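In this note's numbering, the protein residues as written are 57 to 386.
Taking it in order: structure first as structure tokens, then the write-up.
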């Protein structure tokens, strides 16, 4: 019942009886599978890290150096100073020797600027530091981010360093917000005081008028104005800063992109992609620290924060292991 074998006289071709229904079911299955999978792009540094140079490496000398460093940190001076306790320690700068102040451990000298008055007893100083405080698990990091080149956001997660495409992420956030509002019927629309005429080609005009119901779901109300001119009378509120004619023309391009007649749901998704792309921040836009923080917080509310609606990755993760390799820590 699902296959029509009579579409070709010689039976060289068969077709599904209801190909559109099968397409929608397959698309829904793939969409569900992708939304329930972790598709975060992991950055891989294919170039092998160069091994650290071992030329001239002396294990005994390295051990002595570590011991002297630890003694210096405890305020005991270096091994070379043991025979001359009265001499000031020196540091080499090229060929001359310049004296540096003697290192004093914390608490050995006078009061440090900005700290409490030493004449007042410090209750915390009298109590020994507990080992469990030293080894306590640090709290989870707050989502902080830094904008780089007005294009990317840099933050961290449990895996390592995360570099985010600000446009792709904002586009994904807007797409999901728009889709929820469209399906619930709560998308805000504003009526233009003066409807804007948009001149289109005959094919474009026909495509727009054929999709009037779907466009109305997006808050875009259009009417025929005579000839090949369309009148835009209402407009999505979130696109108030954009030119209605430009947005309508880009939507028309989406309508005419596919040769086949799109399913209503697919058409709505395609138009949502276009509207979200138009409204999202662009590469090169400056974002304030509050705007960066808001984007990072909303990222965790997305069903699919890994890709923009067009399929491009929103973020790359550089794992701690990869970073350690590049910095020759492992």
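Ideal placement from N, C-alpha and C gives every residue a C-beta, glycine not left out.
The model shown is predicted, which means the values in this text are computed figures rather than measured ones.
Helix, strand or coil: how does DSSP classify residue i here?
| i | result |
| --- | --- |
| residue 291 | strand |
| residue 201 | coil |
| residue 121 | Bear in mind that the predicted position of residue 121 carries a pLDDT of just 45, short of 50, making it unreliable; the figure below should be weighed with that in mind. Reduced to three states, the DSSP call for residue 121 is helix. |
| residue 73 | coil |
| residue 307 | helix |
| residue 58 | coil |
| residue 208 | strand |
| residue 68 | coil |
| residue 301 | helix |
| residue 283 | coil |
| residue 217 | strand |
| residue 110 | Low confidence applies here, because residue 110 scores a pLDDT of 47, under 50, leaving its location unreliable and the question unanswered by this model. |
| residue 255 | strand |
| residue 80 | helix |
| residue 238 | helix |
| residue 331 | helix |
| residue 249 | strand |
| residue 386 | coil |
| residue 264 | helix |
| residue 277 | strand |
| residue 342 | coil |
| residue 348 | helix |
| residue 244 | coil |
| residue 146 | Only weak support exists for where residue 146 lies, its pLDDT of 42 falling under 50; the value from the coordinates is given anyway. Three-state result, residue 146: strand. |
| residue 270 | helix |
| residue 128 | With a pLDDT of 43 at residue 128, under the threshold of 50, the predicted position of this residue should be treated as unreliable, though the coordinate-derived value follows. Here residue 128 sits in helix by DSSP. |
| residue 224 | helix |
Determine, using beta carbons only, whether residue i and residue j come nearer to each other than 8 angstroms.
| i | j | result |
| --- | --- | --- |
| residue 275 | residue 245 | yes |
| residue 218 | residue 273 | no |
| residue 286 | residue 264 | yes |
| residue 332 | residue 227 | yes |
| residue 308 | residue 251 | no |
| residue 375 | residue 216 | yes |
| residue 59 | residue 73 | yes |
| residue 254 | residue 327 | no |
| residue 337 | residue 203 | no |
| residue 349 | residue 355 | no |
| residue 335 | residue 295 | yes |
| residue 267 | residue 304 | no |
| residue 211 | residue 357 | no |
| residue 330 | residue 310 | yes |
So does residue i have its beta carbon nearer than 7 angstroms to some heavy atom of the ligand GDP?
| i | result |
| --- | --- |
| residue 308 | Because no ligand of any kind appears in the structure shown, any question about the ligand GDP cannot be addressed here. |
Under the assumption that residue i contacts residue j (Cβ atoms under 8 angstroms), give the Cβ distance between them as a whole number of angstroms.
| i | j | result |
| --- | --- | --- |
| residue 231 | residue 365 | 5 angstroms |
| residue 234 | residue 370 | Not quite, the Cβ-Cβ distance comes to about 17 angstroms (not below 8 angstroms), so this is no contact. |
| residue 206 | residue 291 | That belief does not hold up - the Cβ atoms of residue 206 and residue 291 are roughly 28 angstroms apart, past 8 angstroms. |
| residue 256 | residue 284 | 5 angstroms |
| residue 80 | residue 368 | About 24 angstroms; that fails the 8 angstroms criterion. |
Continuous alpha helix (DSSP H) assignments of at least 4 residues falling wholly in the region 350-384: 376-382
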